[in-house]
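Everything below concerns the one structure shown next.
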Amino acid sequence: MYEIWLAMNIAYEIAWDLWPALLPLALVWGAVMLINRKKLARVTTSTLVALAVLVALAAVLTLPSLSKSTLADMGYWVDWAALLGMAAGVGVAAAVLLWPVLALRQR
Numbered sequence: 123m124y125e126i127w128l129a130m131n132i133a134y135e136i137a138w139d140l141w142p143a144l145l146p147l148a149l150v151w152g153a154v155m156l157i158n159r160k161k162l163a164r165v166t167t168s169t170l171v172a173l174a175v176l177v178a179l180a181a182v183l184t185l186p187s188l189s190k191s192t193l194a195d196m197g198y199w200v201d202w203a204a205l206l207g208m209a210a211g212v213g214v215a216a217a218v219l220l221w222p223v224l225a226l227r228q229r
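Next comes the structure, spelled out in C-alpha cells:
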C-alpha cells in the first residue's frame, strides 16, 4: 500500500511542477471542446478507444526507456502496475486530446 501512496504523491508533485504548462493546454482543450460540442457526438467511440489502445501499447514499450530501463528489468508487480497505469494515462490523454481533432475532420 505504501508504494501506491508514494506513486500518487510523486504524480501529484510532478503535476504541481508542470501546472504552468498544463493550465494553458487545459484551457485550449476546453475552448475547442466548447466550440465543437455538436461535432464531438459524431466521433465514434470505437475510433477513440482504438487510438487510446494503440498509444497505450506504444507507451508500454517506450516508457521504460525514459528511465534507462527495459521491460526485462521489471521484476516487481508494482513496477508493472505503475507501467500499465502510466501507459493507460498516456492513452487516455491522447484520446482526450485527439477527440476534438477527429471532430474537426468530420464533415
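To get my numbering, take the position in the sequence shown, counting from 1, and add 122. Where a beta carbon is used, it is the ideal one built from N, C-alpha and C, also for glycine.
A distance below 8 Å separates the beta carbons of Gln-228 and Val-165. Taken in chain order, the unbroken stretches of alpha helix (DSSP H) that lie wholly in the segment 126–188 and span 4 residues or more are 159–162, 167–188. Contact between the segment 197–206 and the segment 178–188 is present: 3 or more CB-CB pairs across the two stretches fall below 8 Å.
For Ala-180, the closest alpha carbon among the candidates Ser-168, Glu-135, Ile-132, Val-212 is that of Val-212. DSSP, reduced to helix, strand and coil, places Gly-197 outside both helices and strands of the structure shown, so it counts as coil. The C-beta of Trp-127 has fewer than 16 other C-beta atoms within 10 Å across all chains shown, which makes the residue exposed. Per the coordinates, the alpha-carbon of Ala-215 lies some 22 Å from the alpha-carbon of Val-200.
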